[in-house]
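Novice:
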């Protein structure tokens, strides 16, 4: 008996509406989280976004893959059980109530209805009954007659099938949840729990992925990406799982013939589509298809979507500019493909180039660039992401490359360089970005261009100005020009010594080293004056370095050349904090595009669609189909009692009751008498 009581209590809990609503509320909150937080991203992205404290907390909660988490699937399972139990528990009484006319209602009960009225009738009971039945039939009611002592009760009902909406809506929830369970990778989770399948690192060749990380054709539910460069094919989909990947075999091979990319005038992608060839691996039959966004294609039970596009390994030609003051080679040509790693030689020996991405064009807002007023010189030359501009001037600033330079210790910095010079503040520069952490924005060094739109003059000037072996000559030339030939040898020697010290400090740490020297050796009241002197010495020495390279240059620079020299000093100072032995300039490219298709097998999709349709029909039936029950008690004493009930209160009920009351009163040649409890008006 105790066992039965416990089972009954559990059944009542599972079949209760409150329990089902609680589960639905939890699922709704989880769905909001899954919508706001981008799902199935690499774990490094989440670590950079949430930090080392919250990242493991959210990982334990399964928020990075909410819809495939164990707790979400368990709640779905309980919701299926709970909703099914609700349907079974309510089915019998609801069906019985739908079929019932309630013809055994007592007069006292009818008199308690909110809508009721009594009126005398001027006809016999039999004649009144005939007229009432005929009227109810014309009004769409189905009726039943219950004779009783001294009276007859005519019970009619209309719209009772509104209760079907309950079964449709609850059945829809069951179907949708079952569809979610089928698409929830339950077998895969069980295999991973038992150790049959293991997540592997995504940074490896497909041929190197072990069998324990591969999923066969019998996997009934998955969602992965297929990466295909132009002219190549793929027969596996990559599934991002936690901090690694799994490889899903496909029953067909997909080849990319051509990738189409169109843009708006702003540079944003307007249309991208893939001309593919699908080859069945069993039959060997092939057919062509073009897949576009929002135009998926289904083959062998697997749906292919156009998800995105990436670089497919473009062939790049780079020029490596050495940043050492006395390089063995000023420049070195490099040929590398996007995605490759290359051990550098010469001045950058010991570093490995990891070429991450190539973009053939970049649309940037070039209007009203605003630079921060504080920070280092490198921080003052932030890229487009740091601009604050009220108006828009979107321009294509040309191709760019993004790469990492990794030293022997494994430490890496990330760089982003543009192929073409970009105009800023009335001058043209090559932008060279650098960041030490992927979570940080790039900080840009601006390399001024010469008359030929190349950075060659800047690199030549930099090698001269930062070379310690040239400092004595530059200091001598500067002191001679600054003081004139009539100055005493003592004064000229002192000026030469100051210029030599200035060049030495600048070559070691740029403006930052000069600033520290001024703060540590010169009183605060004289620092601004000292800074102006050092700056004039640097500008004069830079001019002398230019004249060393260009003997035919005039004695004094013009405005354009003066601007170039000042910009060169700023970028030279920045280059000392660039953190790389070389600057890599994009010199040419041969673009190779790649498409990213999403391959999805969703056995639960038809159930979800069917459930959604049933849910709409069920809600429509419950909201818009009105149930009416009309009772007419005809007494032999020549009196009738009319009562009306409805499943929902509304103004229509008042109007329907008044219409039926007046029609029946006129039909029975009677004048309605006032109800002992008249129905109050309803809002």
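Numbering (this note's numbering), first residue to last: 479 to 1161. From the three backbone atoms N, C-alpha and C, an ideal C-beta is built for every residue, glycine too. Keep in mind that this is a model prediction, so the values were computed, not measured.
Out of 950, 1008 and 792, which one is the CA nearest neighbour of residue 1067?
Specialist: The residue given as residue 1067 occupies position 589 in the chain shown. It is 792.
Novice: Quick check on the DSSP output: the alpha helix (DSSP H) that includes residue 990 runs from which residue to which?
Specialist: On the chain shown, residue 990 is found 512 positions in, with the first residue counted as 1. Residues 967-999.
Novice: What number of angstroms, rounded off, separates the C-alpha of residue 1073 from the C-alpha of residue 775?
Specialist: To locate residue 1073, count along the chain shown from 1; it is residue 595. To locate residue 775, count along the chain shown from 1; it is residue 297. Roughly 15 Å separates the two Cα atoms.
Novice: Which residue comes first and which comes last in the alpha helix (DSSP H) that contains residue 645?
Specialist: Working through the chain shown from its first residue, we reach residue 645 at position 167. Unbroken alpha helix (DSSP H) run through residue 645: 642-660.
Novice: Following the continuous beta strand (DSSP E) through residue 607, name the residue where it begins and the one where it ends.
Specialist: The residue given as residue 607 occupies position 129 in the chain shown. First-last for residue 607: 603-616, but that is the alpha helix (DSSP H), not the beta strand (DSSP E).
Novice: Are residue 637 and residue 1104 touching if we call contact CB-CB under 7 Å?
Specialist: On the chain shown, residue 637 is found 159 positions in, with the first residue counted as 1. On the chain shown, residue 1104 is found 626 positions in, with the first residue counted as 1. Result yes, Cβ atoms of residue 637 and residue 1104 sit closer than 7 Å.
Novice: For residue 742, I'd like the list of residues in its chain whose CB is within less than 8 Å of its CB, leaving aside the five on either flank, ordered along the chain.
Specialist: Along the chain shown, read from residue 1 onward, the residue named residue 742 stands at position 264. Taken in chain order, the residues that qualify are 748.
Novice: If residue 965 sits next to residue 1012, beta carbons under 8 Å apart, how far is it from one beta carbon to the other, in whole angstroms?
Specialist: For this step, residue 965 is matched to residue 487 along the chain shown. For this step, residue 1012 is matched to residue 534 along the chain shown. Going by Cβ atoms, the distance from residue 965 to residue 1012 rounds to 20 Å, so no, they are not a contact pair.
Novice: Quick one: measure Cβ to Cβ for residue 784 and residue 750, integer angstroms, because I've assumed they're closer than 8 Å.
Specialist: Stepping through the chain shown from its first residue, residue 784 is reached at position 306. Stepping through the chain shown from its first residue, residue 750 is reached at position 272. Correct: roughly 7 Å between the Cβ atoms.
Novice: Assign residue 1051 to one of three DSSP states: helix, strand, or coil.
Specialist: Along the chain shown, read from residue 1 onward, the residue named residue 1051 stands at position 573. Correct three-state label for residue 1051: helix.
Novice: Check whether the Cβ atoms of residue 712 and residue 723 lie closer than 7 Å to each other.
Specialist: Counting from one through the chain shown, the residue named residue 712 turns up at place 234. Counting from one through the chain shown, the residue named residue 723 turns up at place 245. Their beta carbons are not under 7 Å apart, which means residue 712 does not touch residue 723 by this criterion.
Novice: Residue 1045: buried (16+ other C-beta within 10 angstroms of its C-beta) or exposed?
Specialist: Here residue 1045 refers to the residue found at position 567 of the chain shown. Buried: at least 16 other Cβ atoms inside 10 Å.
Novice: How would you call residue 570, buried or exposed, if buried means at least 16 neighbouring beta carbons within 10 angstroms?
Specialist: Sequence index remark: in the chain shown, residue 570 carries index 92 (1-based). So residue 570 counts as exposed.
Novice: Between which two residues does the alpha helix (DSSP H) containing residue 559 stretch?
Specialist: For this step, residue 559 is matched to residue 81 along the chain shown. It spans 548-577 - the alpha helix (DSSP H) in which residue 559 sits, taken as one unbroken run.
Novice: Within a Cβ cutoff of 8 Å, which residues of the same chain sit near residue 639, ignoring the five residues on either side of it in sequence?
Specialist: The residue you call residue 639 lines up with position 161 of the chain shown. So the qualifying residues of the chain are 576, 1099 and 1103.
Novice: In this structure, does DSSP put residue 829 in helix, strand or coil?
Specialist: Position 351 of the chain shown holds residue 829. Looking at residue 829 - three-state DSSP - the assignment turns out to be coil, as it is neither helix nor strand.
Novice: Where do the N-terminal and C-terminal ends of the beta strand (DSSP E) with residue 1144 fall, by residue?
Specialist: On the chain shown, residue 1144 is found 666 positions in, with the first residue counted as 1. Per DSSP, residue 1144 is not a residue of any beta strand (DSSP E); the alpha helix (DSSP H) it occupies stretches across 1129-1145.
Novice: Just reading off the alpha helix (DSSP H) that residue 670 is part of, what are its end residues?
Specialist: Locating residue 670 in the chain shown gives position 192, counting from the first residue. Taken as a continuous stretch (DSSP letters only), the alpha helix (DSSP H) holding residue 670 covers 664-672.
Novice: Leaving aside the five residues before and after residue 1093 along the sequence, list all residues of the same chain whose C-beta is less than 8 Å from its C-beta, in chain order.
Specialist: Looking up residue 1093 in the chain shown gives position 615. Excluding sequence neighbours, residue 1093 sits near 646, 647, 650, 651 and 654.
Novice: List the DSSP bridge partners of residue 737.
Specialist: On the chain shown, residue 737 is found 259 positions in, with the first residue counted as 1. 752, per the DSSP bridge assignment.
Novice: For a test of the three-state rule: what should DSSP assign to residue 1060, helix, strand or coil?
Specialist: The sequence position of residue 1060 within the chain shown is 582, counting from 1. Reduced to three states, the DSSP call for residue 1060 is strand.
Novice: What is the C-beta distance between residue 839 and residue 876, in whole angstroms, given that I count them as a contact (C-beta under 8 Å)?
Specialist: Sequence index remark: in the chain shown, residue 839 carries index 361 (1-based). Sequence index remark: in the chain shown, residue 876 carries index 398 (1-based). Correct: roughly 7 Å between the Cβ atoms.
Novice: Residues in the same chain with beta-carbon distance under 8 Å from residue 1118, minus the five sequence neighbours each way, listed in chain order, please.
Specialist: Taking the chain shown and counting its residues from 1, the one referred to as residue 1118 is at position 640. Same-chain partners within the cutoff: 596, 597, 598, 599, 606, 1110, 1111, 1112, 1142, 1146 and 1148.
Novice: What did DSSP end up calling residue 890 once you bin it into helix, strand or coil?
Specialist: The sequence position of residue 890 within the chain shown is 412, counting from 1. If DSSP states are grouped into helix, strand and coil, residue 890 belongs with the strands.
Novice: Return the CA-CA distance between residue 1123 and residue 1131, expressed in angstroms with no decimal places.
Specialist: Residue mapping note: residue 1123 aligns to position 645 of the chain shown, counting from 1. Residue mapping note: residue 1131 aligns to position 653 of the chain shown, counting from 1. Cα to Cα, the separation comes out at about 8 Å.
Novice: How big is the Cα-Cα spacing for residue 951 and residue 970?
Specialist: Reading the chain shown from its first residue, position 473 is the one you call residue 951. Reading the chain shown from its first residue, position 492 is the one you call residue 970. Those two C-alpha atoms are separated by around 13 Å.
Novice: I need the straight-line Cα distance from residue 487 to residue 552, nearest angstrom please.
Specialist: Stepping through the chain shown from its first residue, residue 487 is reached at position 9. Stepping through the chain shown from its first residue, residue 552 is reached at position 74. About 21 Å.
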